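In the numbering used here, the protein residues as written are 522 to 735.
Here is the structure we will look at, set down as structure tokens.
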Amino acid sequence: MMNVRSFSLGPVQTNCYIVSNKEKECIVFDPGEEAERIIKTIRSNGLKPLAIFLTHAHFDHIGAVDAVREAFNVPVWIHEKEVSWLGDPEKNGSSKYAALPDYRVAAPAQDTIIKEEQQFEMSNFVFRAVFTPGHSPGSISYVFENDGFAIVGDTLFEQSVGRTDLIGGSTKILLASIHDKLLTLPEDTIIYPGHGNYTTVSSEMETNPFLNGF
522 MMNVRSFSLG PVQTNCYIVS NKEKECIVFD PGEEAERIIK TIRSNGLKPL AIFLTHAHFD
582 HIGAVDAVRE AFNVPVWIHE KEVSWLGDPE KNGSSKYAAL PDYRVAAPAQ DTIIKEEQQF
642 EMSNFVFRAV FTPGHSPGSI SYVFENDGFA IVGDTLFEQS VGRTDLIGGS TKILLASIHD
702 KLLTLPEDTI IYPGHGNYTT VSSEMETNPF LNGF
């Protein structure tokens, strides 16, 4: 059984997840801000990071990537469509907010770029990267089928869905992604979103007003 630690970080309270096993290995998802807090949590719990995975490359999901990567010397995985966003404040959205710095994150090596849906097996972590575009063109959800949860970034929220008015966004594509890739998961699957509370597939099927058409 995996342990999922959730942290709401930064100016827009973006959820970062640290998923760990009994051997105290862990994977970090969306280290968006407050690098010192993430690093301190990992070290104080005696965890050994194996990798960083990004659901997408908006500024609030990438702010602590470089610091965490350097602290633990781990690879960063991201969809190929958003590799250039990491160093581009226009694409990652940070240039829209005067109070924020321009978020520029070093691009990962070629062998950590996700080009197709695939299954990852790292130690005893087994999960699938499924493409769920719509909020952004390279949005990915990470599905831990054996453990009954999915980390979905800003694709699906508790009684809401991701915004689609940013670069490369599409409401039609977003709703299709949710319907085809997330609502087809077992109904008791826990959904860990990029902001707000966790939810379940069944709860969103029953109560999410944006999904009434499905």
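All residues carry an ideal CB built from backbone N, CA and C; glycine is no exception.
Keep in mind the model is a prediction, meaning the values are calculated, not measured.
Quickly, what does DSSP pair Val647 with across the bridge? List them, please.
Taking the first residue of the sequence shown as position 1, residue 647 is located at position 126. Its beta-bridge partners are Glu642.
First and last residue of the uninterrupted beta strand (DSSP E) at Ala671
Counted from its first residue, the sequence shown places residue 671 at position 150. Ala671 -> beta strand (DSSP E) spans 670 to 674.
Length at least 3, wholly inside the stretch 575 to 632: the beta strand (DSSP E) runs in chain order
If one requires a minimum length of 3 residues, the beta strand (DSSP E) runs lying completely within the stretch 575 to 632 are 597 to 600, in chain order.
Under 6 Å Cβ to Cβ from Asp675, same chain only, skipping five residues before and after it: list those, please.
Here the question's residue 675 lines up with position 154 in the sequence shown. When the five nearest sequence neighbours on each side are left out, the beta carbons in the same chain lying within less than 6 Å of the beta carbon of Asp675 are those of His656, Gly683, Gly715, in order along the chain.
Among the residues of its own chain, which have a CB less than 6 Å from the CB of Ala739, if the five just before and after it don't count?
In the structure displayed, the chain extends from 522 to 735; residue 739 sits before or after that span and is not available.
Can you tell me which residues form a DSSP beta bridge with Thr662?
By one-based count along the sequence shown, residue 662 stands at place 141. Looking at the sequence itself, residue 662 is Ser, so the reference to Thr does not match. Partner residues in the beta bridge of Ser662, as assigned by DSSP, are Val651.
Cβ contact (3+ pairs, closer than 8 Å) linking the stretch 554 to 568 and the stretch 638 to 646
Not touching, per the Cβ criterion.
In DSSP terms, what Phe550 is bridged to
As a working note, residue 550 is residue 29 in the sequence shown. In DSSP, Phe550 forms a bridge with Tyr538, Phe574.
With a CB to CB cut of under 7 Å and the five nearest residues on each side skipped, what residues in its chain are close to Asn488?
In this structure the chain extends from 522 to 735, so residue 488 is not present and cannot be described.
Find out if the Cβ-Cβ distance for the pair Ile634, Glu601 is shorter than 9 Å.
The count along the sequence shown starts at 1 and reaches residue 634 at position 113. The count along the sequence shown starts at 1 and reaches residue 601 at position 80. Contact annotation: Ile634 and Glu601 have beta-carbon atoms nearer than 9 Å.
Buried or exposed: where does Ala572 fall if 16 or more other Cβ atoms within 10 Å of its Cβ makes it buried?
Within the sequence shown, the letter at position 51 stands for residue 572. Its Cβ being crowded by 16 or more others within 10 Å, Ala572 is buried.
Less than 9 Å between the C-beta atoms of Phe580 and Gly614, yes or no?
Your numbering for residue 580 matches position 59 in the sequence shown. Your numbering for residue 614 matches position 93 in the sequence shown. Yes, they are a contact pair.
For Val626, which residues of its own chain have a beta-carbon under 6 Å away from its beta-carbon, when the five flanking residues on both sides are left out?
Within the sequence shown, numbered from 1, the residue matching residue 626 stands at position 105. Closer than 6 Å at Cβ, skipping near neighbours: Ile583, Val586, Asp587, Leu607.
Within its chain, find whatever has a CB closer than 7 Å to the CB of Lys545; leave out the 5 residues flanking it on each side and keep chain order.
To locate residue 545, count along the sequence shown from 1; it is residue 24. The residues are Gly567, Leu568, Lys569.
Need the endpoints of the beta strand (DSSP E) that Leu530 sits in, please.
Numbered from its first residue, the sequence shown carries residue 530 at position 9. Here the beta strand (DSSP E) through Leu530 covers 524 to 530.
Determine the direct distance from the alpha carbon of Cys547 to that of Val540, and round the result to whole angstroms.
Indexing the sequence shown from 1 puts residue 540 at position 19. Indexing the sequence shown from 1 puts residue 547 at position 26. Between Val540 and Cys547, the C-alpha separation is close to 5 Å.
Which stretch, first to last residue, makes up the beta strand (DSSP E) that contains Ile711?
Reading the sequence shown from its first residue, position 190 is the one you call residue 711. Counting along the chain, the beta strand (DSSP E) containing Ile711 begins and ends at 711 to 714.
Helix, strand or coil: which one does DSSP assign to Leu677?
As a first step, residue 677 is located in the sequence shown; it is residue number 156 there, counting from the start. Residue state, collapsed to three classes: strand.
Apply the 10 Å Cβ neighbour rule to Thr728 and answer buried if 16 or more other Cβ atoms are within range, or exposed otherwise.
Residue 728 sits at position 207 when you count from the first residue of the sequence shown. Exposed, since its Cβ has fewer than 16 Cβ neighbours within 10 Å.
To the nearest angstrom, how far is it from the Cα of Pro707 to the Cα of Ala619?
Within the sequence shown, numbered from 1, the residue matching residue 707 stands at position 186. Within the sequence shown, numbered from 1, the residue matching residue 619 stands at position 98. Roughly 42 Å between the two C-alpha positions.
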